[in-house]
Amino acid sequence: MISEHDARQLADRFDELEGSYARKYGLGSQARAFFLMEELVTMRFALLEAHPDAAPVLERQRRSTALKLQSLYDASPFPDGPAPPVRRPPGDAGVIEFDREVFAEKYAAAAELIQCDVVALENWKPESQSRPTAYMYVVDEDFKMRVWVRQFRMSDLVLGRNRATVSGVPVAHPMLVPERLRVRAAGEITPIFGDQITGVVANLKSGHFRPSPEAALSVRRACAESLGLAAESCDVLTVPDVPGNSPQ
């Protein structure tokens with residue numbers, strides 16, 4: 003169990019290292035962003051083993067880290083360029099729909115091959131890892147989260163997902179919802195778990211759907227309905243809206 007003394011030492015050490023990264027690489031650097039992501043996930047896991055006296059120390063550090071990391075996301079919108087082939091169907095402003103013809107041409111055949119590895123959040127049993135692991139996810143139009151259980155490195159949450167391929171086709175978020183091609187949120191997720199999932203660290207960095215910051219609410223709702231997680235157990239890092247980059 004982590005004592006209050008150990009928690010303070012851990013927080014101080016992370017602050018010291020963050021300062022070192024900021025001085026060496028810059029406040030807005032990817033190196034600092036990667037470090038803060040590691041710190042955020044570490045604080046979540048540390049809270050699972052914290053003595054009651056240590057928990058407030060770790061929680062303050064987690065909140066501070068999440069705010070710093072979100073400020074870096076706010077400064078890094080989706081890249082300029084052609085908007086993805088998506089739209090917001092009438093009747094529900096929170097839903098984003100990928101173009102069926104583009105999907106059929108580029109992704110449909112490969113999408114069939116990954117369906118056995120796409121699971122509902124409530125049925126997901128993440129494998130134990132020596133270091134935190136990231137996964138692709140979507141929240142569909144019914145507020146159900148689906149996760150592709152192929153593991154990614156934690157750095158992919160910050161530096162860009164290594165493009166996994168199936169039959170030579172890069173796996174993309176629309177492939178997780180081939181029936182309707184509709185989502186409320188999409189990105190990468192890291193589960194916090196001991197005997198069961200007790201929290202998540204997620205982002206909304208899907209270039210194929212480009213969810214707005216408001217989509218964080220859908221992630222938290224999906225986690226609440228599927229796992230009973232409170233909103234404060236879910237860190238969701240958002241990407242800012244930029245005119246011309248968001249679904250119309």
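In our numbering, each residue carries its 1-based index in the sequence shown increased by 2.
We put the beta carbon where it would ideally sit given N, CA and C, even for glycine.
As the structure is a computational prediction, the values presented were derived from the model and not from experiment.
Report task. With a threshold of 16 other CB atoms inside 10 Å of the CB of residue 208, please say whether the residue is buried or exposed. Result -> Taking the first residue of the sequence shown as position 1, residue 208 is located at position 206. Burial call: buried.
Query - Stretch-stretch touch, CB-based, cutoff 8 angstroms, three pairs: the segment 52-59 with the segment 172-191 - result: no
Query raised in the report: To which residues of the same chain is residue 5 closer than 7 angstroms at the C-beta, ignoring the five residues directly before and after it?
Result: Numbered from its first residue, the sequence shown carries residue 5 at position 3. Same-chain partners within the cutoff: 53 and 56.
Query raised in the report: Around the C-beta of residue 244, are 16 or more other C-beta atoms found within 10 angstroms, so that it is buried, or is it exposed?
Result: Numbered from its first residue, the sequence shown carries residue 244 at position 242. Around the beta-carbon of residue 244, fewer than 16 other beta-carbon atoms lie within 10 Å, marking it exposed.
Query - As assigned by DSSP and simplified to three states, the class of residue 89 - result: Along the sequence shown, read from residue 1 onward, the residue named residue 89 stands at position 87. Of the three classes helix, strand and coil, the one that applies to residue 89 here is strand, per DSSP.
**Report entry** Extent of the continuous alpha helix (DSSP H) to which residue 2 belongs
**Finding:** What is shown of the chain runs 3 to 250, which leaves residue 2 out entirely.
Query raised in the report: Count the other CB atoms within 10 Å of the CB of residue 7; is the residue buried (16 or more) or exposed (fewer)?
Result: Taking the sequence shown and counting its residues from 1, one reaches residue 7 at position 5. Answer is exposed; the Cβ neighbour count stays below 16.
Query raised in the report: Using CA coordinates, which residue listed in 143, 166 and 101 is at the minimum distance from residue 93?
Result: Position 91 of the sequence shown, counted from the first residue, corresponds to residue 93. Comparing Cα-Cα distances from residue 93 to each of 143, 166 and 101, the minimum goes to 143.
Query raised in the report: Which partner residues does residue 193 have in the DSSP bridge list?
Result: For the purposes of this step, residue 193 is taken as the residue at position 191 of the sequence shown. For residue 193, which the question treats as bridged, DSSP gives the partners 202.
Requested in this report: Kindly confirm or deny that the segment 34-50 and the segment 196-211 touch, where touching means at least three C-beta pairs closer than 8 angstroms.
Outcome: yes
**Report entry** beta strand (DSSP E) segment containing residue 135, residue limits
**Finding:** Indexing the sequence shown from 1 puts residue 135 at position 133. Its beta strand (DSSP E) spans residues 135-142.
Query raised in the report: Count the other CB atoms within 10 Å of the CB of residue 230; is the residue buried (16 or more) or exposed (fewer)?
Result: Against the sequence shown, residue 230 aligns to sequence position 228. Exposed.
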